[in-house]
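Written below as structure tokens is the structure these notes are about.
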Amino acid sequence: MDRIPFGVAQLDSVLGGGAPEGSVVLVAGESGAGAREFAYTSAAMNALARVDDETFDLYYGDLDDAAAVPPEVHYLSFTTDADYIERELRYTMADEIVDAAVEGIEFADLSPEYFQLSAIPREWYMGATSTIHDLGRAGNRDGVLSALGEYLTDNAAGNLVVIDAVTDLVGASGGEVEWADVAMLVRGLAKAVHSWGGLLLALVNTDTITDRQLGQLVDGSGGTLQFSWESGGSKRARTMVVREFRGVLSQLESENIVRFETEIHDGGLDISDVRKIR
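Numbering (the working numbering), first residue to last: -3 to 274.
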């Protein structure tokens, strides 16, 4: 089975190269626990592999023989634009990675569709000056889910797509999107991406939903990487658990791996320790 690298070298090595092609993976976590940094690292490293081999080799190393970098990387946000995400990338990893990687990432800003039916002033999300393109989008009353569907239909096949974040959709557009729509969206994505190929990472903020709602998302996706804070003595550590992953979890269980400790350095999010079942 072909694999698409997550962009976190040690994790990809444990998983035999990365995620199986055609997977929807939830990147779920508490605020600040590493889920967002994982998504940033994945997008940046996959883009870097295409645009700057030397820097990719310096920070990541060699790809597994079973892995192939996707031809395109798309980062889709409901609430922020490319400049904001680039700034956040620089907080997560070295400037030389970001300088090269942003040239290989297509950023999609769906904030006009997301905020258009809300009480938020238009200037806050469209900017003080508007282009003809902006004015056309402002007059389009299609919902945010329609805009998302159109974008993915046009761009997701065979590529890496990051959605930031599916939990932002809860109550979006003045209540247009209900929880049932979000849960159904994840199930629909799993079916579509299976036929499209590629890899879709869906960010989920677990602080904003119930355990039952998270369970519905986990059940509808192909895999879930769950990030949380763990306290030990006077220290807090970021940990990642592979909660569910069809075609991968059995491999981890056979190696008695239960959770990973993570850290953030110049190369982005990385695994600092692998804990095994005792």
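Built from N, CA and C at the ideal position, the CB exists for glycine as well.
Expressed to the nearest angstrom, what Euclidean distance is found between the alpha-carbon atoms of residue i and residue j?
i, j, result
"residue 55", "residue 74", "30 Å"
"residue 102", "residue 112", "23 Å"
"residue 0", "residue 177", "28 Å"
"residue 213", "residue 58", "33 Å"
"residue 64", "residue -2", "7 Å"
"residue 269", "residue 11", "15 Å"
"residue 275", "residue 49", "The structure shown does not extend to residue 275, since the chain is modelled only from -3 to 274, so the question has no answer here."
"residue 207", "residue 108", "30 Å"
"residue 147", "residue 231", "42 Å"
"residue 258", "residue 265", "7 Å"
"residue 162", "residue 199", "6 Å"
"residue 88", "residue 174", "32 Å"
"residue 27", "residue 201", "7 Å"
"residue 189", "residue 106", "20 Å"
"residue 76", "residue 25", "19 Å"
"residue 154", "residue 67", "7 Å"
"residue 158", "residue 205", "20 Å"
"residue 255", "residue 32", "18 Å"
"residue 145", "residue 104", "13 Å"
"residue 179", "residue 81", "26 Å"
"residue 218", "residue 209", "16 Å"
"residue 237", "residue 267", "11 Å"
"residue 100", "residue 51", "14 Å"
Is it the case that the Cβ atoms of residue i and residue j are separated by a distance below 8 Å?
i, j, result
"residue 182", "residue 139", "no"
"residue 29", "residue 223", "yes"
"residue 221", "residue 98", "no"
"residue 186", "residue 4", "no"
"residue 40", "residue 85", "yes"
"residue 18", "residue 2", "no"
"residue 141", "residue 69", "no"
"residue 225", "residue 234", "yes"
Quick check on the burial criterion: 16 or more other C-beta atoms within 10 angstroms. Buried or exposed for residue i?
i, result
"residue 261", "exposed"
"residue 79", "exposed"
"residue 135", "The predicted model places residue 135 with a pLDDT of 43, which falls under 50 and marks its position as unreliable; any figure quoted below should be read in that light. By the neighbour-count rule (16 or more Cβ atoms within 10 Å), residue 135 is not buried but exposed."
"residue 61", "exposed"
"residue 227", "exposed"
"residue 71", "buried"
"residue 127", "Only weak support exists for where residue 127 lies, its pLDDT of 45 falling under 50; the coordinates are left without a value."
"residue 203", "exposed"
"residue 8", "buried"
"residue 150", "exposed"
Just list the alpha helix (DSSP H) runs in the region 60 to 89, keeping only unbroken ones of 4 residues or longer that don't cross its boundaries, in chain order. Counting only unbroken stretches of 4 or more residues, the alpha helix (DSSP H) elements lying wholly within the region 60 to 89 are 78 to 88, in sequence order.
Quick check on the DSSP output: what are the complete beta strand (DSSP E) runs of length 3 or more inside the region 1 to 59, in order along the chain?
19 to 25
### Query
Taking three-plus beta-carbon pairs below 8 Å as touching, is the region 32 to 51 in contact with the region 89 to 101?
Flag = yes, the region 32 to 51 and the region 89 to 101 touch.
_Continuous beta strand (DSSP E) assignments of at least 3 residues falling wholly in the region 174 to 224_ = 195 to 201
_Touching by the beta-carbon criterion (3+ pairs, under 8 Å), the region 186 to 194 and the region 159 to 168_ = Remark: fewer than three beta-carbon pairs, one from each stretch, lie closer than 8 Å, so the region 186 to 194 and the region 159 to 168 are not flagged as touching.
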